[in-house]
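Here is the structure we will look at.
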Amino acid sequence: ASDAQTCESAQLTSCFPAGVKRVPKVEFKIHDATMDSLKKDCKNADAISTCVNKLKIDGCQEEEKHHLQLLKDGLRSTRNSLCHENLYQSMHEWKRCRNKAMLDVCIREYNYERKTLEESGRLTRDERECSYGKYACILKAAEDCPSTSLARKAWNDFHNTIFDLHNCPRFDGSSGKQRCDAERFSRCFERAMDSIIFPDAHDDKSLAKDCKVLESVDSC
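In this text, residue positions in the sequence shown follow UniProt numbering: the first is 1, and each later residue adds one.
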């Protein structure tokens with residue numbers, strides 16, 4: 001088959017460690033990054049990006065092709081960030097300018113709010129599946145850091161790639177706000193439609209569940 005008819009999306013998982021579905025082996029840690037760990041992350045990111053970039057996607061359905069192209073571009077940007085020669089120095093500078101006290105408070109409040117929403121059945125599907133809250137806390141704690149920081153870009157690129165892999169809408173890295181666009185809007189409904197049952201008979205339990213799912217779309 002020609003490239004125009006070929007869709008190799010099923011081979012995506014082969015670009016990641018055996019037995020680990022769509023979970024990148026790039027272990028990028030902001031707290032204890034060393035020269036050796038960053039070299040390892042760069043090597044892993046390069047291997048994954050190269051592998052995914054070789055996948056033929058012209059024959060995929062439009063939506064799938066769009067998602068895979070987004071993933072390819074994101075992985076390439078992540079690879080470039082993790083392999084930048086000045087990243088190690090930038091990591092230490094970013095660690096110094098972060099507001100650790102703010103981060104600790106934000107994470108604690110986020111965990112409490114998440115638990116409360118979960119117990120009341122009001123936790124949105126995006127938050128449950130994508131855990132945006134912790135990422136938002138990290139961005140908030142780094143508000144006083146230079147916007148041009150290599151470490152900040154590497155962190156944004158890496159997490160946006162994680163969101164891509166898990167089919168989660170991305171964050172706008174410049175402001176720490178979730179994107180509000182047609183793509184994000186449709187993703188919210190895709191998730192909801194996977195879960196809504198629309199029971200034939202009157203079933204209070206199923207209807208209540210569908211109601212909560214639709215409420216999550218509204219907040220999403």
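For glycine and all other residues, C-beta sits at the position ideal for the given N, C-alpha and C.
With 16 or more other CB atoms across the displayed protein chains lying within 10 angstroms of its CB, A33 is buried.
Sorting A45, T124 and R114 by C-alpha distance to the C-alpha of G74 places A45 at the top.
Spanning the alpha carbons of N160 and R170 requires a straight line of approximately 6 angstroms. The three-state secondary structure of E85, taken from DSSP, is coil. Membership of N160 in the alpha helix (DSSP H) is indicated by the continuous run L150 to L165.
In this structure, R152 lies away from A141, with their beta-carbon atoms at least 8 angstroms apart. From the listed residues C97, G133, V105 and M102, the smallest Cα separation to L117 is found for G133. Positions of the alpha helix (DSSP H) runs, each at least 4 residues long and wholly inside the segment 87-151, are given as 87-97, 100-119, 125-130 and 132-141 in order along the chain. Excluding residues up to 5 positions away in sequence, S49 lie with their Cβ nearer than 6 angstroms to the Cβ of R76 in the same chain.
For C15, there is no enclosing alpha helix (DSSP H), as DSSP gives it neither H nor E.
The three-state reading of DSSP puts E63 in helix, counting H, G and I together. Between H66 and M91, the alpha-carbon positions lie close to 32 angstroms from each other.
Here the alpha carbons of E129 and I138 stand approximately 18 angstroms from one another. CA-CA distance, S120 to C106, rounds to 21 angstroms. Counting only the Cα atoms, D126 lies some 10 angstroms from N167.
In the structure shown, T6 adopts coil according to DSSP, grouped into three states.
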